[in-house]
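S.K.: The sequence shown: position 195 = 195 (full-length UniProt numbering), numbered continuously.
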Amino acid sequence: MAPARNARVLFNEIPSGYPIPGKTTVYDDSQTIDIDGVPLNGGFLIKVLVLSIDPYLRGRMRDPSIKSYSIAYTIGAPLDNFGVGVVLRSESDELKVGDHVYGYYPFQEYVVYEDIAALRLARVLKNEEGLPWSVYVGVCGLPGHTVHHGWMEFAKQKEGDVVFVTTGAGPVGLQVISRAHYTFDSPRLLQDGTDVAFNYKKTIDVLMKEGPIDIMACACFIECGMISAYNNADDYAMKNLPLIFTKSLTLYDFTVMDFHHKYADQGG
Ligand SMILES: NC(=O)c1ccc[n+]([C@@H]2O[C@H](COP(=O)([O-])OP(=O)(O)OC[C@H]3O[C@@H](n4cnc5c(N)ncnc54)[C@H](OP(=O)(O)O)[C@@H]3O)[C@@H](O)[C@H]2O)c1
Numbered sequence: 001m002a003p004a005r006n007a008r009v010l011f012n013e014i015p016s017g018y019p020i021p022g023k024t025t026v027y028d029d030s031q032t033i034d035i036d037g038v039p040l041n042g043g044f045l046i047k048v049l050v051l052s053i054d055p056y057l058r059g060r061m062r063d064p065s066i067k068s069y070s071i072a073y074t075i076g077a078p079l080d081n082f083g084v085g086v087v088l089r090s091e092s093d094e095l096k097v098g099d100h101v102y103g104y105y106p107f108q109e110y111v112v113y114e115d116i117a118a119l120r121l122a123r124v125l126k127n128e129e130g131l132p133w134s135v136y137v138g139v140c141g142l143p144g145h146t147v148h149h150g151w152m153e154f155a156k157q158k159e160g161d162v163v164f165v166t167t168g169a170g171p172v173g174l175q176v177i178s179r180a181h182y183t184f185d186s187p188r189l190l191q192d193g194t195d196v197a198f199n200y201k202k203t204i205d206v207l208m209k210e211g212p213i214d215i216m217a218c219a220c221f222i223e224c225g226m227i228s229a230y231n232n233a234d235d236y237a238m239k240n241l242p243l244i245f246t247k248s249l250t251l252y253d254f255t256v257m258d259f260h261h262k263y264a265d266q267g268g
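#1: Within a Cβ cutoff of 8 Å, which residues of the same chain sit near A233, ignoring the five residues on either side of it in sequence?
#2: Run the proximity test for S68: is its beta-carbon closer than 7 Å to any non-hydrogen atom belonging to ligand 1?
#3: Rounded to a whole number of angstroms, what is the C-alpha to C-alpha distance between G130 and V87?
#4: Which residues bound the alpha helix (DSSP H) around D205?
#5: Tell me which residues share the same chain as K47 and place their Cβ nearer than 7 Å to its Cβ, disregarding the 5 neighbours each side in the sequence.
#6: If you draw a straight line from the C-alpha of D54 to the C-alpha of D34, how long is it?
#7: Tell me whether E223 sits in a helix, a strand or coil according to DSSP, three-state version.
#8: Tell me whether I227, by its Cβ, gets closer than 7 Å to a heavy atom of ligand 1.
#9: Could you tell me if I266 is buried or exposed, where buried requires 16 or more neighbouring beta carbons within 10 angstroms of its beta carbon?
#10: So, L121 versus G138, is the Cβ gap smaller than 8 Å?
#11: Let me make sure I understand the geometry here. Which of K247, M226, N231 has the alpha-carbon closest to that of M238?
#12: In whole angstroms, what separates the C-alpha of L125 from that of V135?
#13: Since H145 is in the alpha helix (DSSP H), which residue starts that stretch and which ends it?
#14: With DSSP as the reference, please indicate the residues paired to residue 283 in a beta bridge.
#15: Indicate whether V147 and V112 have their beta-carbon atoms separated by less than 8 Å.
#16: By a C-beta neighbour count over all protein chains shown, 10 Å radius and 16 as the cutoff for buried, is S52 buried or exposed?
#17: Taking only the alpha-carbon atoms, compute the straight-line gap between F259 and L79 and give it to the nearest angstrom.
#18: In angstroms, rounded to a whole number, what distance separates the CA positions of T255 and C224?
#19: Could you check which residue in P19, L10, D29 has the C-alpha nearest to that of A4?
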């Protein structure tokens, strides 16, 4: 068979604000791969089907000398993140042809691994429900795991609690809304599980209509991200910090990997 295209998305330049496709990242289709003949050296060949594009990737587009919880991307190398691939050829006892594998992939079409450990946190997906593979980078992937772990660890919800969700239109926020809905079984909720929804770009309109949003005493904040700060060189200072002690607030922060092993038997 003629060599196949093995296109990649490469990290090209550290952005100063929002990443710009074609500048920050470039699509490179110059490489090819011999799917039938590429040596496997006892490993396996995977075709990457879906990849997760998550806000935390922005934090990896940085100068590698800046320390962070995530590994910085390398200029000229493909981006990488969680995804799903299918095994096309295998010389390994660990995986067989046709297996669909969740794991950590470079952003390229085909990858040879000599060992399943190189796939980091890999697991074979049975997918008995016949879900689209993209579900495994959404509700059954990193965003879903984040919501599950954060809620299980920190929510300590009681009947009657009010849940305020930011980034409610994204996969993380939407799943928090549905988890709160499911937990409280509130009859007042709208179809998607939301009592009151508003566009953060029109907050002022909501405040005029609904009045100020008061932070209740003893409220608990579960922080898994701060998306408004990811693309700003000048981060803004948090206001009203004294409320932490005047209202006995609790703040939790976490990353999904903090609890990966704890919930591994639940697909985490
Ligand atoms: N700690 C962890 O392990 C972990 C794991 C996964 C995700 N996260 C975090 O969870 C958050 C949501 O992730 P996601 O995958 O759902 O993100 P997403 O798909 O990018 O969705 C984010 C949503 O937030 C909205 N948004 C942007 N700026 C906002 C602002 N200033 N105020 C309110 N909403 C705003 C976006 O609207 P626009 O379309 O207008 O931009 C979009 O609807 C991110 O901060 C992410 O880093 C953390």
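Every residue, glycine too, gets a C-beta built ideally from N, C-alpha and C. All figures in this text were calculated on a predicted structure; none of them were measured in a lab.
M.R.: From the atom records:
#1: Indexing the sequence shown from 1 puts residue 233 at position 233. Listed in chain order, the non-local C-beta contacts of A233 below 8 Å within the same chain comprise S16, G17, local neighbours out to five positions each way being set aside.
#2: The residue labelled residue 68 in the question sits at position 68 within the sequence shown. No, the Cβ of S68 stays beyond 7 Å of every heavy atom of ligand 1.
#3: In the sequence shown, the residue the question calls residue 130 occupies position 130. In the sequence shown, the residue the question calls residue 87 occupies position 87. Using only the alpha carbons, I get a separation of about 17 Å.
#4: Position 205 of the sequence shown, counted from the first residue, corresponds to residue 205. Its alpha helix (DSSP H) spans residues 203-210.
#5: Looking up residue 47 in the sequence shown gives position 47. Cβ neighbours of K47 beyond the five flanking positions: G85, V86, L88, E109, Y110.
#6: Translated into positions along the sequence shown, residue 54 becomes position 54. Translated into positions along the sequence shown, residue 34 becomes position 34. Using only the alpha carbons, I get a separation of about 31 Å.
#7: Stepping through the sequence shown from its first residue, residue 223 is reached at position 223. Correct three-state label for E223: strand.
#8: Mapped onto the sequence shown, residue 227 falls at position 227. Checking the Cβ of I227 against ligand 1 gives yes.
#9: Indexing the sequence shown from 1 puts residue 266 at position 266. For the record, residue 266 in the displayed sequence is Gln; it is not Ile. Answer is exposed; the Cβ neighbour count stays below 16.
#10: Residue mapping note: residue 121 aligns to position 121 of the sequence shown, counting from 1. Residue mapping note: residue 138 aligns to position 138 of the sequence shown, counting from 1. No. Outside cutoff.
#11: Here residue 238 refers to the residue found at position 238 when the sequence shown is read from its first residue. Nearest of K247, M226, N231 to M238, Cα basis: M226.
#12: Numbered from its first residue, the sequence shown carries residue 125 at position 125. Numbered from its first residue, the sequence shown carries residue 135 at position 135. L125 and V135 have their alpha carbons spaced roughly 12 Å apart.
#13: By 1-based counting over the sequence shown, the position of residue 145 is 145. Where H145 is concerned, the enclosing alpha helix (DSSP H) stretches over 142-150.
#14: With the chain covering only 1 through 268, there is no way to say anything about residue 283.
#15: Locating residue 147 in the sequence shown gives position 147, counting from the first residue. Locating residue 112 in the sequence shown gives position 112, counting from the first residue. Taking 8 Å as the Cβ cut-off, V147 and V112 do not qualify as a contacting pair.
#16: Within the sequence shown, numbered from 1, the residue matching residue 52 stands at position 52. The residue is buried, with at least 16 neighbouring Cβ atoms inside 10 Å.
#17: By one-based count along the sequence shown, residue 259 stands at place 259. By one-based count along the sequence shown, residue 79 stands at place 79. In this structure, the alpha-carbon of F259 lies about 24 Å from that of L79.
#18: Residue mapping note: residue 255 aligns to position 255 of the sequence shown, counting from 1. Residue mapping note: residue 224 aligns to position 224 of the sequence shown, counting from 1. Going by the C-alpha atoms only, they are around 6 Å apart.
#19: Stepping through the sequence shown from its first residue, residue 4 is reached at position 4. If we check each option's Cα against that of A4, D29 comes out closest.
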